[in-house]
Structure formats: structure tokens, C-alpha cells
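If you want this note's numbering, it's the 1-based position in the sequence shown plus 165. For reference, the structure discussed in these notes is given below.
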Amino acid sequence: MAYYDPRKQHSENQYNAGRDINARDQHSVGGDVNYGTQNKSGGANYGNQAGRDINIRREEHHHHPPPVPPKSRAGSAGILTGLIVLVIFLIIVAFIVALGVTLIPKITSLNLPIPGLSTPKEVLSTYCTHLRSGDSATAYDQYSDKLKSQITASDFVQKNKFVSNCIGNISNTSAQSAKGTVTVTAEPFDTTTAQPPSSTTTDYDVTLIKDSNGDWKIDSMTQK
């Protein structure tokens, strides 16, 4: 029959209890170490993944540069319009210059008043100048339509074919009318006698008006 020793049994219980505590501590420490290792490994993996993502985005940016903005069409259209306007302007200026070079010498040679720019004094001067030179047609053209209706061009030429002198003078001018005098000297040739031609001087009161075109014309001539 075995003998039961209480002290021996107590020692074995203490030994087993200590072994269980050591085993639990080792398991806890090992678990903590493994967890820390796993966390470190996970952090490293996360950092590596983030780096790879950044590199991928850089490569995509390098291979696909930002789009170039389209050129403004408004600026090109404005330049083209400006060039067209400039060319048209130069053509118009060249045409005006060519026309002036052609017409001005002709107008000057005729000694005619420029329409719209003449004055009553210039009209009487033109009338007398052409009457003295025998250019009765140009002198007749200084008449208004009203005065032309009172004497024909042929009668005017016949009446003034012996004019040797003519002097015109303006005494009063307003916006639409003017008054003055014309003195005409004629030397008719008498073929029936051998005497020198006798001269006659006639004075006229004249009225000038501005017509619908803005030109001054002789509207009436009344013998004094």
C-alpha cells in the first residue's frame, strides 16, 4: 500500500502552476512579438505600394503631357480684316490721286469756277473773261436756267460777238443771292463805211442766285 505524502503533493502542484504561468507568458510575449513583426511588415508593404503608385503617376504624366491650348482664331481674323481694309483704302487713295491728276489740268485750262466752291465775284469774273476772249458758250453757261429760258445760246453769241471789254463788280452778297453790275463795251464793225468801228458801252444791273447744286449763277441782267 502506497504512502501519501502531503508535502510532496504540494510541491508538485506548485511546480505545475509555475510551469503554466511560464507557458502563458511565453505565449503572450511571442504573440506580441509576432504582432509587432506583422505590423512592421504591413507598414513596409504599405509604403512600398504608395511609392509604386507615385512612380506610376509620374510615368503617366511623363508619357501624357497636358494638352496644348488651341490658337486663338479671333486674333488671326482681326489681322486679316485689317489687311483687307488697308488694301481697299490704298486702292481708293490711288484712284482719287489719278482722277485729280487727270481732271485738274483740264479744269484749270478752261478757267471755270469749281462747282460748289465759286463765289458771286468769281462767276462775274468768269463771265467777263470768256466774253472778252470770244468764248460766248462758256460765258452763256454762267446764266441760270431761268435766264437761259429768256435768250437762246445762238442769240447770245450773235449779240456779244463784237464785245471788246467786260468788267463785273459785286456790291452786295447774302447767303442765297448777290447783286452787282456788269459793264460791256462793244465795237461793232461797219462794212458800209471806211470809218473805224465805233464803240458802245452798256451797263447792266445783275442778280446772282445759288442754285440747287450750290453753284452761283447769273439770274438776271437788266440794262440801266
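Yeah, the Cβ is synthetic: ideal placement off N, Cα and C, and Gly gets one too.
Candidates the options: closest to residue i by CA position
| i | options | result |
| --- | --- | --- |
| Ser298 | Asn325, Gln388, Lys389, Ser385 | Asn325 |
| Ala304 | Gln388, Lys382, Lys389, Thr387 | Lys382 |
| Glu352 | Gly345, Asn378, Thr366 | Thr366 |
| Asp300 | Gln315, Ile316, Lys311, Ser329 | Ser329 |
| Ile332 | Leu296, Lys313, Ser314, Val258 | Leu296 |
| Val371 | Val258, Lys389, Asp306 | Lys389 |
Straight-line gap, residue i to residue j (C-alpha atoms, nearest Å)
| i | j | result |
| --- | --- | --- |
| Thr387 | Ala263 | 44 Å |
| Asp376 | Ile244 | 47 Å |
| Cys293 | Ser283 | 15 Å |
| Val349 | Thr317 | 19 Å |
| Lys311 | Ser385 | 8 Å |
| Tyr369 | Val322 | 17 Å |
| Ile269 | Ser241 | 42 Å |
| Leu435 | Leu248 | The structure shown does not extend to residue 435, since the chain is modelled only from 166 to 389, so the question has no answer here. |
| Ala302 | Ser290 | 15 Å |
| Gln341 | Val266 | 32 Å |
| Val258 | Thr246 | 19 Å |
| Ile253 | Lys313 | 44 Å |
| Gln307 | Val347 | 13 Å |
| Phe390 | Val250 | Examination of residue 390 is not possible in this model, given that the chain is present from 166 through 389 alone. |
Endpoints, alpha helix (DSSP H) assigned at residue i
| i | result |
| --- | --- |
| Asp154 | Residue 154 lies beyond the stretch modelled for the chain, which goes from 166 to 389, so this question has no answer here. |
| Asp131 | Any property of residue 131 remains undetermined from this structure, which presents the chain solely from 166 to 389. |
| Thr291 | 285–298 |
| Asp376 | That residue, Asp376, is in no alpha helix (DSSP H); it is neither H nor E in DSSP. |
| Gln323 | 318–324 |
Same chain, Cβ closer than 8 Å to residue i, neighbours up to 5 away in sequence not counted
| i | result |
| --- | --- |
| Pro285 | Ile335, Thr338, Ala343, Gly345, Leu373, Trp381 |
| Ser364 | Ser329, Thr350, Ala351, Glu352 |
Residue span of the beta strand (DSSP E) that contains residue i, given as start and end
| i | result |
| --- | --- |
| Ala343 | 342–351 |
| Ser336 | 328–338 |
Own chain residues within Cβ distance below 6 Å of residue i, not counting five before or after
| i | result |
| --- | --- |
| Phe327 | Ala351, Glu352, Pro353 |
| Ser319 | none |
| Gln315 | none |
Residues near residue i in its chain [Cβ-Cβ closer than 7 Å; skip 5 each side]
| i | result |
| --- | --- |
| Ser460 | Residue 460 falls outside the range modelled here, since the chain spans only 166 to 389, and no answer is possible. |
| Asp197 | Note that Asp197 has pLDDT 46, beneath the 50 cutoff, so the model's placement of it is unreliable and the number below is only indicative. Answer for Asp197: no residue qualifies. |
Residue-chain proximity (residue i, chain D), Cβ-Cβ < 7 Å
| i | result |
| --- | --- |
| Asn337 | Absent from the structure is chain D; it holds one protein chain and no more. |
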